[in-house]
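The opening position of the sequence shown corresponds to residue 20 in our numbering, with each subsequent residue numbered one higher.
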Amino acid sequence: MKRLNFTLDNPTVELLNELSEKYYSGNKSQTVRAALESLATHQGHDGWVITGYTQVMLDHDVQCHSCGLEHPEGRMLFKPVFERGKSPEAILNIPDEEWIECSKCIEKV
Ligand SMILES: [Zn+2]
Numbered sequence: 020m021k022r023l024n025f026t027l028d029n030p031t032v033e034l035l036n037e038l039s040e041k042y043y044s045g046n047k048s049q050t051v052r053a054a055l056e057s058l059a060t061h062q063g064h065d066g067w068v069i070t071g072y073t074q075v076m077l078d079h080d081v082q083c084h085s086c087g088l089e090h091p092e093g094r095m096l097f098k099p100v101f102e103r104g105k106s107p108e109a110i111l112n113i114p115d116e117e118w119i120e121c122s123k124c125i126e127k128v
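Below is the structure:
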């Protein structure tokens with residue numbers, strides 16, 4: 020355990036008092052810890068994040084992963100590139116089924 024010293028403005032101090040009274044019987048350390056944990060989960064978790072796309076020439080008919088539209092063999096579509104990262108959209112495992120996106124869907128992101 021470590022004692023930290025930091026400065027908060029009055030509205031934040033009031034909020035901290037209010038929340039700690041309401042949920043943690045006045046324990047401000049516990050309140051700050053809970054607030055940080057909640058922030059961390061909203062910031063995202065470790066997993067696989069799509070960092071880009073590579074082009075693929077379809078050698079068979081494929082459905083777009085996002086919109087489900089069927090695209091015929093010979094079309095140029097896009098395959099996501101996954102990297103380890105932190106994001107609210109991070110997925111735990113790279114899916115082992117085929118993952119192809121059409122250009123319309125990747126432009127929406
Ligand atoms: Zn699509």
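For glycine and all other residues, C-beta sits at the position ideal for the given N, C-alpha and C.
In this text the structure is predicted, and so the values were computed from the model without any measurement.
- As computed with DSSP, Val-75 is found in a beta bridge with Leu-96.
- Beta-bridge pairing by DSSP links Phe-101 to Ile-69.
- Shortest gap from the CB of Ser-48 to any heavy atom of ligand 1: 6 Å or more.
- With respect to the 7 Å criterion, Ser-57 and Lys-47 are not classified as neighbours on the basis of their beta carbons.
- Straight-line measurement puts the Cα of Arg-52 at about 14 Å from the Cα of Ser-44.
- Between Phe-97 and Ile-113, the C-beta spacing is not below 7 Å.
- Cβ neighbours of Cys-121 within its own chain (closer than 8 Å, five residues either side excluded): Cys-83, Ser-85, Cys-86, Leu-88, His-90, Leu-96, Phe-97.
- The alpha-carbon of Lys-127 is positioned some 15 Å away from that of Ile-119.
- Distance check between Asp-115 and each of Thr-26, Asn-36, Pro-99 places Pro-99 closest, using alpha-carbon atoms only.
- Rounded to the nearest whole angstrom, the CA to CA distance from Ser-106 to Leu-23 is 28 Å.
- In this structure, Ala-109 sits away from Gly-71, with a CB-CB distance that is not shorter than 7 Å.
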